[in-house]
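Q: Residue numbers for the sequence shown follow the numbering used here, so the first one is 138 and each next one is one higher. For every residue, glycine included, the Cβ atom is placed at its ideal position computed from N, Cα and C. Got a structure for you, questions after.
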Amino acid sequence: SRFRLNKHWYVLWFMIRNFTVAMVPVLPGIGLQWATLMILIIISAGTLVAFKPWRAFEANILDIFCTTCLLVIVSMAALLVEGVEAGPIGVFLFGVTTMLIGGFVMCLVVVMWRQYFRRGKTFQFF
Numbered sequence: 138s139r140f141r142l143n144k145h146w147y148v149l150w151f152m153i154r155n156f157t158v159a160m161v162p163v164l165p166g167i168g169l170q171w172a173t174l175m176i177l178i179i180i181s182a183g184t185l186v187a188f189k190p191w192r193a194f195e196a197n198i199l200d201i202f203c204t205t206c207l208l209v210i211v212s213m214a215a216l217l218v219e220g221v222e223a224g225p226i227g228v229f230l231f232g233v234t235t236m237l238i239g240g241f242v243m244c245l246v247v248v249m250w251r252q253y254f255r256r257g258k259t260f261q262f263f
C-alpha cells in the first residue's frame, strides 16, 4: 500500500479530488472555474500537510511541494485571463501569496528549531 494504514480513507479523497478537477471545465465562467480549482488545490494541500497520508516521509514532502507548485502555477495563470474583473483576482492572489510566504517562513522556523534549538538526547540509538 502506498498510504499509511490509518490513512486508508485518503484513497477516496484522492479519487474525489481528481474527479472534481476533471469536472472544473464544465462550470460556467472562467472566474468560477479558476476559483473552484484554487480552492480545491488549497484544500488538497491542507489535507496533505495535516494528515501526511503517504507511507514514506519523502513522498509526503514531494507531494506537498508539487501541490504548492501547482497552486503557484494556477494562481499566476489567473493573470492571463481576459474578461474577468482584476479586483477580486488580485485580492485572492494577494491572500494566496501571503499564505505561501507565511508557510515558507513557518517551515524555515520549524527546520531551524529542529536543527539548532531542540534539546534532548545527543545520541541516536538508546
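CB-CB under 8 Å to Leu185, same chain, minus the five flanking residues each way: which ones, in chain order?
A: What you label residue 185 is simply residue 48 of the sequence shown in a count that begins at 1. Only Asn197, Asp200, Ile201, Thr204 meet the Cβ criterion.
Q: Given a cut-off of 8 Å, decide if Leu237 and Val209 are closer than it, judged by their beta-carbon atoms.
A: Taking the first residue of the sequence shown as 1, we reach residue 209 at position 72. Taking the first residue of the sequence shown as 1, we reach residue 237 at position 100. Yes, Cβ-Cβ distance for Val209 and Leu237 is below 8 Å.
Q: Run the CB neighbour count on Pro190, radius 10 Å, all protein chains shown included, and call it buried at 16 or more, exposed below.
A: As a first step, residue 190 must be located in the sequence shown, where it is residue number 53. Answer is buried; the Cβ neighbour count reaches 16.
Q: Residues in its own chain within less than 7 Å of Trp150 by CB, not counting five upstream and five downstream?
A: Locating residue 150 in the sequence shown gives position 13, counting from the first residue. Cβ within range, chain order: Thr184.
Q: So what does DSSP say about Trp146, is it helix, strand or coil?
A: In the sequence shown, counting from the first residue as 1, residue 146 sits at position 9. Trp146: coil per DSSP, three-state reduction.
Q: Within this structure, are the beta carbons of Phe188 and Lys144 separated by less than 8 Å?
A: Taking the first residue of the sequence shown as position 1, residue 188 is located at position 51. Taking the first residue of the sequence shown as position 1, residue 144 is located at position 7. For Phe188 and Lys144, yes; Cβs fall inside 8 Å.
Q: Can you have a look at Val233 and say buried or exposed, based on whether 16 or more other CB atoms are within 10 angstroms of its CB?
A: For the purposes of this step, residue 233 is taken as residue 96 along the sequence shown, with counting starting at 1. That one is buried.
Q: Here's the rule I'm using: 16 or more other beta-carbon atoms within 10 Å means buried, otherwise exposed. How should Tyr253 be labelled?
A: As a first step, residue 253 is located in the sequence shown; it is residue number 116 there, counting from the start. Exposed: under 16 other Cβ atoms inside 10 Å.
Q: Suppose contacts are defined by Cβ-Cβ distances below 8 Å. Is Ile221 in contact with Gly168 by that definition?
A: Counted from its first residue, the sequence shown places residue 221 at position 84. Counted from its first residue, the sequence shown places residue 168 at position 31. It is Val, not Ile, that sits at residue 221 in the sequence shown. Cβ atoms of Val221 and Gly168: closer than 8 Å.
Q: Any idea which residues DSSP pairs Trp191 with across the strands?
A: Counting from one through the sequence shown, the residue named residue 191 turns up at place 54. Phe140.
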